[in-house]
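*Asks:*
Protein chains in written order, with my numbering: chain A, 2 to 331; chain G, 2 to 291.
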């Protein structure tokens, strides 16, 4: 078995677009859930509006690329307000239900034929990111170490993606250490207590939902700019659950948790995928039991098992503080 | 501790809804029902500024519900109330708190996974760093944060929690949480403090110190309203007692007035007991609820 190959395959995802997209999404979710305790089970909707906002902005409205990105960001803010106003005054479960439903509605709407003229329907939208790649300062060619190689354009979007991850991590670090972040944590712990001390709980929840939503939207934008194509089949609930997995792996409420979680999630997933692919070659022992089409499911079962062990032995996540998980919240 | 300034309540007539010379809180016609059950139905209640008012009454009398309604945590069916001359019955809970009317909870609400010090700092009002854009630039709020921290440490010192400042609030004992909640409420610098069973589940030694802190609040010129079941506590620190039963104020007065009141004995112990007491003592002044 070629462990080197598995390592490279894992690394490709862990330094590449998948990890960046999920890291950005998880940074957003960390603001919403990790700091504020908001149960957003429709996070993928924020990636979706960011992506479609950008694509539609260029392809349909003829906006310059960066203006279209701003449109995607604005769409995420609008989504946060629309989701938040009816639900954030209610108990936490209502936000959870409404976010799941909204994400599904948006997914079905954008790929429906009805709005094909705007969203591209089942065909999606392509070719809107040319202006971004025109800015690429990296000379054409292939870059990398050994078999881990990227084209100049791929390297450009990866660099921009990691810069965004770094900037948003810094932003969250600044916010988390400020009195603003303290109010969010208080709301997570006990919103009635926060209210009794004069904090406008609703306003802070809405801000948290919007800030987290905008960061997550950048995940969607990086994803579609990388492919130069918006794939209408991408925005399934499973994306939200992967982001939750990455965040819980890292440890909700910790500033670096989303990045560590997303990188690790993709490394484990892809490295294991690569190992399994080698193991089930025709004629091998494992090949008799697992067909290549089952592989996708098997690797998720393994990620599930890793998560299960983590929750059992390290409930606070990799970066969390153990005392914090053990504290008597009652 | 400074010399006690006991407010003069002698001139006030001990009847339900009695007018006070300088009321800080005035409640008129407040009704709150849950389905068909009327939880609160208070015609008139005034709280004298600078006094300690105890609110007593059997379980289910509506004391906590009245607290919740007055502080904006539950909506009343109707009624008006004003704090310091300002109508507040339409304000949400956080606005009521910001005006200087702060409540605590029967079951303490320490923010468990935050440090004791952060619990305190959170409660300071008007923090610039609590605004999103200002939060990003530390220089805009650092000076204020230092000030807030200093005040937080002073108050923690006052309630003997200074050495716990960096511990998670969730690691405190029940009594310490009550002290933390009291100190935290003071960070808001309230005019009126509403304490919902401040001594419930607290060991006798800590009760002693809690009562000292509550009396000190009055001596600083603040007004205290507290719900209490322990009649010794009520007798020790309250200047005025309000008795609730089935949602209504059935008696008001100094401690002595209330425990002698047949309506109160009736509410606590039932009609037959009250009648027997009256018959036995002739003037009905020997009822001792403690």
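For glycine and all other residues, C-beta sits at the position ideal for the given N, C-alpha and C.
Within a Cβ cutoff of 8 Å, which residues of the same chain sit near residue 141 of chain G, ignoring the five residues on either side of it in sequence?
*Replies:* Within the second chain, numbered from 1, the residue matching residue 141 of chain G stands at position 140. The residues are 129, 130, 135.
*Asks:* So is residue 266 of chain A buried or exposed if we call it buried at 16+ other beta carbons inside 10 Å?
*Replies:* Locating residue 266 of chain A in the first chain gives position 265, counting from the first residue. Per the 10 Å Cβ criterion, buried.
*Asks:* Which bits of chain A does residue 74 of chain G rub up against, with CB to CB less than 9 Å?
*Replies:* Within the second chain, numbered from 1, the residue matching residue 74 of chain G stands at position 73. What residue 74 of chain G touches in chain A: 193, 196, 197.
*Asks:* Going by the DSSP bridge assignment, what does residue 87 of chain G pair with across the sheet?
*Replies:* Along the second chain, one-based indexing puts residue 87 of chain G at 86. Paired residues: G:84.
*Asks:* Please check if any C-beta of chain G sits within less than 9 Å of the C-beta of residue 6 of chain A.
*Replies:* Counting from one through the first chain, the residue named residue 6 of chain A turns up at place 5. It does not: the Cβ of residue 6 of chain A has no partner Cβ on chain G nearer than 9 Å.
*Asks:* Quick one: Cα of residue 201 of chain A to Cα of residue 48 of chain A, how far?
*Replies:* Within the first chain, residue 201 of chain A is the residue found at index 200, counting from 1. Within the first chain, residue 48 of chain A is the residue found at index 47, counting from 1. Roughly 28 Å between the two C-alpha positions.
*Asks:* By the three-class DSSP mapping on this structure, what secondary structure does residue 200 of chain A have?
*Replies:* The residue given as residue 200 of chain A occupies position 199 in the first chain. Three-state result, residue 200 of chain A: coil.
*Asks:* How many Å lie between residue 105 of chain G and residue 325 of chain A at the Cα?
*Replies:* The residue you call residue 105 of chain G lines up with position 104 of the second chain. The residue you call residue 325 of chain A lines up with position 324 of the first chain. Taking the straight line joining both Cα atoms gives about 24 Å.
*Asks:* Note down the Cα distance separating residue 49 of chain G from residue 28 of chain G, rounded to an integer number of angstroms.
*Replies:* Stepping through the second chain from its first residue, residue 49 of chain G is reached at position 48. Stepping through the second chain from its first residue, residue 28 of chain G is reached at position 27. Going from the Cα of residue 49 of chain G to the Cα of residue 28 of chain G covers about 12 Å.
*Asks:* So for residue 233 of chain G, helix, strand or coil by DSSP?
*Replies:* Working through the second chain from its first residue, we reach residue 233 of chain G at position 232. DSSP places residue 233 of chain G in helix when its eight states are reduced to three.
*Asks:* Put residue 61 of chain A into one of helix, strand or coil per three-state DSSP.
*Replies:* Counted from its first residue, the first chain places residue 61 of chain A at position 60. DSSP places residue 61 of chain A in coil when its eight states are reduced to three.
*Asks:* For residue 184 of chain A, which three-state DSSP category applies?
*Replies:* For the purposes of this step, residue 184 of chain A is taken as the residue at position 183 of the first chain. Helix.
*Asks:* Looking at chain G, which residues of the region 200-227 of chain A have a Cβ within less than 8 Å of any of its Cβ atoms?
*Replies:* Within the region 200-227 of chain A, the qualifying residues are 200, 201, 202, 208, 212.
*Asks:* What residue from A:312, A:257, A:231, A:3 has the CA that sits closest to residue 123 of chain A's CA?
*Replies:* Here residue 123 of chain A is taken as the residue at index 122 of the first chain, counted from 1. The shortest C-alpha separation from residue 123 of chain A is found at A:231.
*Asks:* Check residue 252 of chain G in the structure and name its three-state DSSP category.
*Replies:* Taking the second chain and counting its residues from 1, one reaches residue 252 of chain G at position 251. It is a strand residue.
*Asks:* Is the shortest distance between the beta-carbon of residue 56 of chain G and the beta-carbons of chain A less than 9 Å?
*Replies:* What you label residue 56 of chain G is simply residue 55 of the second chain in a count that begins at 1. Answer no: the Cβ-Cβ gap between residue 56 of chain G and chain A never drops below 9 Å.
*Asks:* What residues in the region 300-326 of chain A have a beta carbon less than 8 Å from any beta carbon of chain G?
*Replies:* Those would be 324, 325, in chain order.
*Asks:* Which of the residues in the region 82-107 of chain A, read from start to end, lie with their CB under 7 Å from any CB of chain G?
*Replies:* Listed in sequence order: no entries.
*Asks:* In angstroms with no decimal places, state the Cα-to-Cα distance between residue 145 of chain G and residue 319 of chain A.
*Replies:* As a working note, residue 145 of chain G is residue 144 in the second chain. As a working note, residue 319 of chain A is residue 318 in the first chain. Straight-line Cα distance between these residues: approximately 34 Å.
*Asks:* Would you give the residue range spanned by the alpha helix (DSSP H) that residue 135 of chain A belongs to?
*Replies:* Here the question's residue 135 of chain A lines up with position 134 in the first chain. From DSSP, the alpha helix (DSSP H) with residue 135 of chain A extends over 131-135.
*Asks:* Under the rule that 16 or more other beta-carbon atoms within 10 Å means buried, what is residue 47 of chain G, buried or exposed?
*Replies:* Along the second chain, read from residue 1 onward, the residue named residue 47 of chain G stands at position 46. Label assigned to residue 47 of chain G: buried.
*Asks:* For residue 222 of chain A, which of A:128, A:22, A:12 has the nearest alpha-carbon?
*Replies:* Your numbering for residue 222 of chain A matches position 221 in the first chain. Selected option, being the one with the closest Cα: A:22.
*Asks:* With distances taken Cα to Cα, identify the nearest neighbour of residue 133 of chain G among A:98, A:101, A:172, A:245.
*Replies:* The sequence position of residue 133 of chain G within the second chain is 132, counting from 1. Cα-wise, what sits closest to residue 133 of chain G is A:172.
*Asks:* Can you look up residue 141 of chain A in the DSSP assignment and give me helix, strand or coil?
*Replies:* On the first chain, position 140 is the one that residue 141 of chain A refers to. Coil.
*Asks:* Could you give the first and the last residue of the continuous beta strand (DSSP E) run that contains residue 33 of chain G?
*Replies:* If you number the second chain from 1, residue 33 of chain G lands on position 32. Taken as a continuous stretch (DSSP letters only), the beta strand (DSSP E) holding residue 33 of chain G covers 24-35.
*Asks:* Please state the DSSP three-state secondary structure of residue 138 of chain G.
*Replies:* Your numbering for residue 138 of chain G matches position 137 in the second chain. Note: residue 138 of chain G maps to coil in three-state DSSP.
*Asks:* With DSSP as the reference, label residue 116 of chain G as helix, strand or coil.
*Replies:* By one-based count along the second chain, residue 116 of chain G stands at place 115. Residue 116 of chain G: strand per DSSP, three-state reduction.
*Asks:* Below 8 Å, can you find three or more Cβ-Cβ pairs linking the region 25-44 of chain A to the region 197-213 of chain A?
*Replies:* Yes, the region 25-44 of chain A touches the region 197-213 of chain A.
*Asks:* Counting only beta-carbon separations shorter than 9 Å, does residue 253 of chain A have a partner in chain G?
*Replies:* Against the first chain, residue 253 of chain A aligns to sequence position 252. For residue 253 of chain A, the answer is no, since every Cβ of chain G falls outside 9 Å of its Cβ.
*Asks:* Under 7 Å Cβ to Cβ from residue 271 of chain G, same chain only, skipping five residues before and after it: list those, please.
*Replies:* The residue labelled residue 271 of chain G in the question sits at position 270 within the second chain. There are no such residues.
*Asks:* Since residue 128 of chain G meets chain A, which of its residues come closer than 8 Å, beta carbon to beta carbon?
*Replies:* Position 127 of the second chain, counted from the start, is the residue given in the question as residue 128 of chain G. What residue 128 of chain G touches in chain A: 180.
*Asks:* Consider the Cβ of residue 169 of chain G: report whether some Cβ of chain A lies at a distance smaller than 9 Å.
*Replies:* Position 168 of the second chain, counted from the first residue, corresponds to residue 169 of chain G. With 9 Å as the cut-off, residue 169 of chain G counts as an interface residue toward chain A.
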